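Encoded as structure tokens, the structure appears first; notes follow it.
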Amino acid sequence: MIHIYRKNMGEMWFAAAIRDEAIIATTFAPKGKEVLEHLLKSLPYRMPFQMAKKLTPFSEKVLSALKSIFDGKNASSNFRLDMKHLSDYTQKVLRCVSMVPVGYVTTYGAVAKVMGGSPRAVGRVMATNPFPPLVPCHRVVRSDFTLGGFGLGLAVKWEILQNENRGHREDMKIQVDGKSLSLFPINFLRKD
């Protein structure tokens, strides 16, 4: 049984769907009803779920991590994500994007170059990411360093990225499945 937990923390609601201390989906939104609607769209089809009556220590830890990531803090997101219901390609892209560190962004094209597929295919995975912000889809931008898309709007994406800005000045690369993923400092972004 999947249990759904949600909590208002300041200006945002945060929610998580959890089964046996594995995360099925996470999300955030300005209103309690919206956060629930977003979360329900990410649940696997025909899987039973129920709203939890109270938070557990594990759900508190998950929701606190979501809030910390939203606030731009270096939060631990070392949680077990249940991706069995997702396609192999989606899983690969989500794992790749989860490696993008705070203070950096990558592009849809750079992820596609490493994982295969096209920038549009990567964009579709980001648009349906069931684990925001644990899997930081907000750190994937267009090749011209404009923001691209974001489910809660570009103003929210910009705010999160500005909170994550660490003032880095140099590009870097990380190894993902034996290939180099290019990363760029948040300072490179254009708000256009």
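Adding 6 to a residue's 1-based position in the sequence shown gives its number in this note's numbering.
Yeah, the Cβ is synthetic: ideal placement off N, Cα and C, and Gly gets one too.
Keep in mind the model is a prediction, meaning the values are calculated, not measured.
Residue from ASP183, ASP88, THR33 and TYR51 whose Cα sits closest to the Cα of PHE76: By 1-based counting over the sequence shown, the position of residue 76 is 70. Answer by Cα proximity: THR33.
Within 8 Å, strictly: CB atoms of LEU4 and CYS102: What the structure shows of the chain is the stretch from 7 to 198, and residue 4 is not part of that stretch, so it cannot be assessed.
Beta carbon of LYS59 nearer than 8 Å to that of VAL120: Counting from one through the sequence shown, the residue named residue 59 turns up at place 53. Counting from one through the sequence shown, the residue named residue 120 turns up at place 114. No. Outside cutoff.
DSSP three-state assignment for TYR51, whether helix, strand or coil: For the purposes of this step, residue 51 is taken as the residue at position 45 of the sequence shown. Here TYR51 sits in coil by DSSP.
Extent of the continuous alpha helix (DSSP H) to which ILE166 belongs: The residue labelled residue 166 in the question sits at position 160 within the sequence shown. Counting along the chain, the alpha helix (DSSP H) containing ILE166 begins and ends at 160-170.
Given 8 Å, three or more beta-carbon pairs between the stretch 20-33 and the stretch 82-95: yes
ARG12 burial status per 10 Å Cβ neighbour count (16 or more: buried): Taking the first residue of the sequence shown as position 1, residue 12 is located at position 6. By the 10 Å Cβ count, ARG12 comes out buried.
Integer-rounded CB distance, given that ASN171 should sit under 8 Å from ASN193: To locate residue 193, count along the sequence shown from 1; it is residue 187. To locate residue 171, count along the sequence shown from 1; it is residue 165. About 7 Å separates the two Cβ atoms, so the contact holds.
VAL111: CB within 7 Å of a non-hydrogen atom of the ligand NAD: Here there are no bound small molecules, and the ligand NAD is not part of this structure.
Completely contained alpha helix (DSSP H) runs for the stretch 40-86, where each covers 4 or more residues: 63-76
Supposed close pair MET7, PHE55 - CB separation, criterion 8 Å: Along the sequence shown, read from residue 1 onward, the residue named residue 7 stands at position 1. Along the sequence shown, read from residue 1 onward, the residue named residue 55 stands at position 49. The pair is a contact, with the Cβ atoms about 7 Å apart (cut-off 8 Å).
Where SER48 falls, given that 16 or more other Cβ within 10 Å makes a residue buried: Here residue 48 refers to the residue found at position 42 when the sequence shown is read from its first residue. Counting Cβ neighbours within 10 Å, SER48 comes out buried, since at least 16 surround it.
Coarse secondary structure for LYS13, derived from DSSP in three states: Looking up residue 13 in the sequence shown gives position 7. The answer is strand: DSSP assigns LYS13 an E or B state.
Contact set for GLY129: own chain, Cβ-Cβ below 6 Å, skip 5 residues either direction: Numbered from its first residue, the sequence shown carries residue 129 at position 123. Once the five neighbours on either side are set aside, the close Cβ partners of GLY129 are TYR114.
Short Cβ contact (8 Å threshold) for VAL201 with VAL111: Given that the chain is displayed from residue 7 to residue 198, the structure contains no residue 201 and the question cannot be resolved.
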